[in-house]
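**Q** Numbering (the numbering used here), first residue to last: 365 to 947.
Okay, handing you the structure first.
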Amino acid sequence: MARLLSVNVGLPRDVAWQGKTVHTGIWKAPVEGPRRVRRLNIDGDGQGDTAGHGGEQRAVFVYQDESYRHWQEHLGRSNLVHGQFGENFTVEGLADTNVCIGDRYRIGSALFEVTQPRVTCYRLGIRMDEPDMPALLVRHGRPGFYFRVIEEGDVEAGDEITQVASGPESMSVFEINALLYLPPHPRDRLERALRIPALSRGWNRSFAALLEQQRASRIAAGNAGLGPAASPPPAWRGFRPFRVSHKIAESGNVTSLILEPTDGHRAAAALPGQFVVVRLGPSAAQAITRSYSLSDAACYRISIKREAHGAASLYIADGLRIGDVVEVGAPRGSFTLRQDARPVVLLSAGIGVTPVLAMLHALAAEGTMRDVWWLHGARNGREHAFAAEACELLAGLARHHSHVCFSAPDPADRPGADFDSAGHLDQRLLQGLNVPRDGDYYLCGPAAFMSDLTAGLAALGVAPDHIHTELFGARPSLTPGIAASPRTPVHVPVGASGSGPMVSFARSGLNVHWGPSYASLLELAEACDVPVRWSCRTGVCHNCESGLVAGEVSYAPDPLDPPADGNVLICCSRPQSDVVIDL
Numbered sequence: 365m366a367r368l369l370s371v372n373v374g375l376p377r378d379v380a381w382q383g384k385t386v387h388t389g390i391w392k393a394p395v396e397g398p399r400r401v402r403r404l405n406i407d408g409d410g411q412g413d414t415a416g417h418g419g420e421q422r423a424v425f426v427y428q429d430e431s432y433r434h435w436q437e438h439l440g441r442s443n444l445v446h447g448q449f450g451e452n453f454t455v456e457g458l459a460d461t462n463v464c465i466g467d468r469y470r471i472g473s474a475l476f477e478v479t480q481p482r483v484t485c486y487r488l489g490i491r492m493d494e495p496d497m498p499a500l501l502v503r504h505g506r507p508g509f510y511f512r513v514i515e516e517g518d519v520e521a522g523d524e525i526t527q528v529a530s531g532p533e534s535m536s537v538f539e540i541n542a543l544l545y546l547p548p549h550p551r552d553r554l555e556r557a558l559r560i561p562a563l564s565r566g567w568n569r570s571f572a573a574l575l576e577q578q579r580a581s582r583i584a585a586g587n588a589g590l591g592p593a594a595s596p597p598p599a600w601r602g603f604r605p606f607r608v609s610h611k612i613a614e615s616g617n618v619t620s621l622i623l624e625p626t627d628g629h630r631a632a633a634a635l636p637g638q639f640v641v642v643r644l645g646p647s648a649a650q651a652i653t654r655s656y657s658l659s660d661a662a663c664y665r666i667s668i669k670r671e672a673h674g675a676a677s678l679y680i681a682d683g684l685r686i687g688d689v690v691e692v693g694a695p696r697g698s699f700t701l702r703q704d705a706r707p708v709v710l711l712s713a714g715i716g717v718t719p720v721l722a723m724l725h726a727l728a729a730e731g732t733m734r735d736v737w738w739l740h741g742a743r744n745g746r747e748h749a750f751a752a753e754a755c756e757l758l759a760g761l762a763r764h765h766s767h768v769c770f771s772a773p774d775p776a777d778r779p780g781a782d783f784d785s786a787g788h789l790d791q792r793l794l795q796g797l798n799v800p801r802d803g804d805y806y807l808c809g810p811a812a813f814m815s816d817l818t819a820g821l822a823a824l825g826v827a828p829d830h831i832h833t834e835l836f837g838a839r840p841s842l843t844p845g846i847a848a849s850p851r852t853p854v855h856v857p858v859g860a861s862g863s864g865p866m867v868s869f870a871r872s873g874l875n876v877h878w879g880p881s882y883a884s885l886l887e888l889a890e891a892c893d894v895p896v897r898w899s900c901r902t903g904v905c906h907n908c909e910s911g912l913v914a915g916e917v918s919y920a921p922d923p924l925d926p927p928a929d930g931n932v933l934i935c936c937s938r939p940q941s942d943v944v945i946d947l
């Protein structure tokens, strides 16, 4: 008979870690007497990071006494106490290999349903003083699991645990956990997992992404259930020399370059919406490395806005000549045009026009019969790049709509001819234009533009999976539990410069030498205040997966599932040569 050994609760606290403050609820301690279990929590308990823990489908975390004994032996530890793994219920029985998703259990006067395995993060490593603990839990197949509360009630240490229903498909916590984190990911098992109603929404989405990845045979390697949205592997590794065949002034502040391979061989086809990493300069140490969307994927055209203090944009505008050679990485990115029959809505602001313009070129080239909406915002006519080009492309489409906003029109700008309305693209304007709610939306522009419009489209009833965004510059950081601090511009690390390989952060425009004081590329990026995304820090969760444009890395520890071709897990990797990373 399974039994509840301990009820453990704890409220979030701030702890110091690696010079940062972490807000976490992983410290749990046993309590005596009955405790009320409610739909979202146990009385007296709380989570520090509600994005990753807690909620209706993760209300109660369960861990087994058998696993405690396993870790005591494996780690050589005799000081483990109930609640050490952050669990609410320490139980006797209910092994991960026996408990199935969807099983229901009666404990005390409450009724519970198993929803998912535990998703571990770096905070367990802090609590256990074992940094590799998130990876160890998965490698050893001992994650524990979450309960959803079906009926609220009281529980107490010593209560018997009675199974009252079995989950459909009979897939154990152990099996579900391995199916997501460990290769291979058998298609038949993914399909079975997706038939379990009790499986939490997050795990359902991950398995659906893995299943779609298997169906799209053109996508190679990687774990689409964990990593970035799947995209084709890069056509080549590192950089190829391209010659500037044309240089075009598109507006008062935008210059286009058309690039052709110097070896005479045709460049690999790019998907509309993808970007390339361009390296300017004679050597890695002196190079300027930047990411630019292809404004016309058919001819490898990039279009760059001149910035007052932008070293790359000033060099391109004033220093680069026709015939000069630059180094180009293979096209990358998952912000690409979907092939279906839904209306297409292309939304851009400023230089964010470039990837959606490539999509417009592709739609025109195929003679699409889809409804195409072109919605663009610029400051004025002098800064309205590609106006004539967009009009010409739209004129060739059977079903098109267009609206251009100028936020600060010049006196010479003509309403109804040069632009359609003064102001900004926003929810109110979209509602007035009666944009199709069932369309595929592609957004590119400044961060505020995209966040506001994404929220506005959701308020209009557009489904989240129909809204696709591309952000110029670094992606928003993901540092769960770390106390917020003012944004610091990227910089070289404090202290003496390293003497190892050159690490180039392409989106941040920073080149720094690797040094022995860093345990991973993630730690080097953090030392430079390069925006990063991570959670486990041990090669499990793939939140840190980033594009590896050039160079070679080694891993320690080895990731449980390799990243996609052309990508790197920065949390557990080190450079073995000069590397360029899409960060």
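Think of the CB as a built atom: it goes at the ideal place given N, C-alpha and C, for glycine as much as any other residue.
(1) To the nearest angstrom, how far is it from the Cα of residue 948 to the Cα of residue 710?
(2) Tell me, please, which residues DSSP counts as bridged to residue 804.
(3) What do you reckon, are the CB atoms on residue 716 and residue 637 nearer than 8 angstroms?
(4) Enumerate in chain order the residues of its own chain whose CB-to-CB distance from residue 760 is below 7 angstroms, with the five nearest sequence positions on each side excluded.
(5) Are the Cβ atoms of residue 933 and residue 923 separated by less than 8 angstroms?
(6) For residue 459, I'd like the list of residues in its chain whose CB is within less than 7 angstroms of its CB, leaving aside the five on either flank, ordered along the chain.
(7) On the premise that residue 900 lies in contact with residue 485, defined as a C-beta separation below 8 angstroms, what is that separation, rounded to the nearest angstrom?
(8) Measure the alpha-carbon distance for residue 738 versus residue 419 and round it to whole angstroms.
(9) Could you check whether the segment 665-684 touches the segment 608-621, counting it as contact only if at least three pairs of C-beta atoms, one from each stretch, sit closer than 8 angstroms?
(10) Look up residue 609 in the DSSP assignment and say whether it is helix, strand or coil.
(11) How many angstroms separate the CA atom of residue 579 from the CA atom of residue 596?
(12) When we look at the beta-carbon of residue 384 and count the other beta-carbons within 10 Å, is it buried (16 or more) or exposed?
(13) Considering only their Cβ atoms, is the gap separating residue 412 from residue 440 smaller than 8 angstroms?
(14) Within the continuous beta strand (DSSP E) that includes residue 388, where are the two ends?
(15) Can you tell me where the alpha helix (DSSP H) with residue 457 in it begins and where it stops?
(16) Which term fits residue 880, buried or exposed, when burial requires 16 or more other beta carbons within 10 angstroms of its beta carbon?
(17) What are the boundary residues of the beta strand (DSSP E) that includes residue 931?
(18) Report buried or exposed for residue 824, applying the criterion of at least 16 other Cβ atoms within 10 angstroms of its Cβ.
(19) Tell me where the alpha helix (DSSP H) around residue 438 begins and ends.
(20) Can you tell me where the beta strand (DSSP E) holding residue 769 begins and where it ends?
(21) From which residue to which residue does the beta strand (DSSP E) around residue 620 run?
(22) What are the boundary residues of the beta strand (DSSP E) that residue 518 is part of?
(23) Pick from 501, 508, 476 and 490: whose alpha carbon is nearest that of residue 518?
(24) In chain order, what residues of the same chain lie with their CB nearer than 7 angstroms to the CB of residue 625, ignoring the 5 residues before and after it?
(25) Can you name the residues that DSSP bridges to residue 902?
(26) What's the gap between the Cα of residue 790 and the Cα of residue 939?
(27) Tell me whether residue 830 sits in a helix, a strand or coil according to DSSP, three-state version.
(28) What's the gap between the Cα of residue 391 and the Cα of residue 376?
(29) What separation, rounded to the nearest whole angstrom, lies between the Cα atoms of residue 527 and residue 462?
(30) What three-state label does DSSP hand residue 735 in the structure shown?
(31) Kindly indicate which three-state DSSP category residue 465 falls into: helix, strand or coil?
(32) Quick one: is residue 852 buried, meaning 16 or more other Cβ sit within 10 Å of its Cβ, or exposed?
(33) Which value, in whole angstroms, describes the spacing of the CA atoms of residue 697 and residue 592?
(34) Just verifying my parser: in three-state terms, what is the DSSP assignment at residue 725?
(35) Return the CA-CA distance between residue 670 and residue 677, expressed in angstroms with no decimal places.
(36) According to DSSP, simplified to helix, strand and coil, what is residue 473?
**A** According to the structure data:
(1) Outside the displayed range of the chain (365 to 947) lies residue 948, so it cannot be described from this structure.
(2) BP columns for residue 804 point to 708.
(3) No, these two residues do not count as a Cβ contact at 8 angstroms.
(4) Apart from sequence neighbours up to five positions away, the residues of its chain that approach residue 760 with a beta-carbon distance below 7 angstroms are 728, ordered along the chain.
(5) With contacts defined as CB atoms closer than 8 angstroms, residue 933 and residue 923 qualify as a contacting pair.
(6) Taken in chain order, the residues that qualify are 428 and 430.
(7) Yes, they are in contact, since the Cβ atoms of residue 485 and residue 900 sit about 6 angstroms apart, within 8 angstroms.
(8) For residue 738 and residue 419, the distance between alpha carbons rounds to 40 angstroms.
(9) With a cut-off of 8 angstroms on Cβ pairs, the segment 665-684 is in contact with the segment 608-621, counting three or more such pairs.
(10) It is a strand residue.
(11) Residue 579 and residue 596 have their C-alpha atoms spaced approximately 13 angstroms apart.
(12) The residue in question, residue 384, is exposed, as its Cβ has fewer than 16 Cβ neighbours within 10 Å.
(13) Not a contact, by the Cβ cut-off of 8 angstroms.
(14) For residue 388, the enclosing beta strand (DSSP E) begins and ends at 384-388.
(15) Note, residue 457: premise wrong, no alpha helix (DSSP H); not H, not E.
(16) So residue 880 ends up on the exposed side.
(17) Residues 931-933.
(18) Under a 10 Å Cβ-count criterion, residue 824 is classified as exposed, with fewer than 16 other Cβ atoms of the shown protein chains found around its own Cβ.
(19) Element bounds for residue 438: 429-439.
(20) For residue 769, the enclosing beta strand (DSSP E) has its first and last residue at 764-770.
(21) Here the beta strand (DSSP E) through residue 620 covers 618-625.
(22) Its beta strand (DSSP E) spans residues 517-519.
(23) Closest option to residue 518, Cα to Cα, is 476.
(24) Excluding positions up to five away in sequence, the list reads 604, 606 and 631.
(25) Residue pairing for residue 902: DSSP places it in no beta bridge.
(26) For residue 790 and residue 939, the gap between their C-alpha atoms comes out near 44 angstroms.
(27) Per DSSP, reduced to three states, the secondary structure at residue 830 is helical.
(28) C-alpha separation (whole angstroms): 8 angstroms.
(29) Between the alpha carbons of residue 527 and residue 462 lies a distance of about 12 angstroms.
(30) The three-state reading of DSSP puts residue 735 in coil, since its state is none of H, G, I, E or B.
(31) In this structure, residue 465 counts as coil in the three-state DSSP scheme.
(32) Its Cβ having fewer than 16 others within 10 Å, residue 852 is exposed.
(33) Each residue's alpha carbon lies about 9 angstroms from the other.
(34) In the three-state reduction of the DSSP assignment, residue 725 falls in the helix class, which pools H, G and I.
(35) Each residue's alpha carbon lies about 5 angstroms from the other.
(36) The three-state secondary structure of residue 473, taken from DSSP, is coil.
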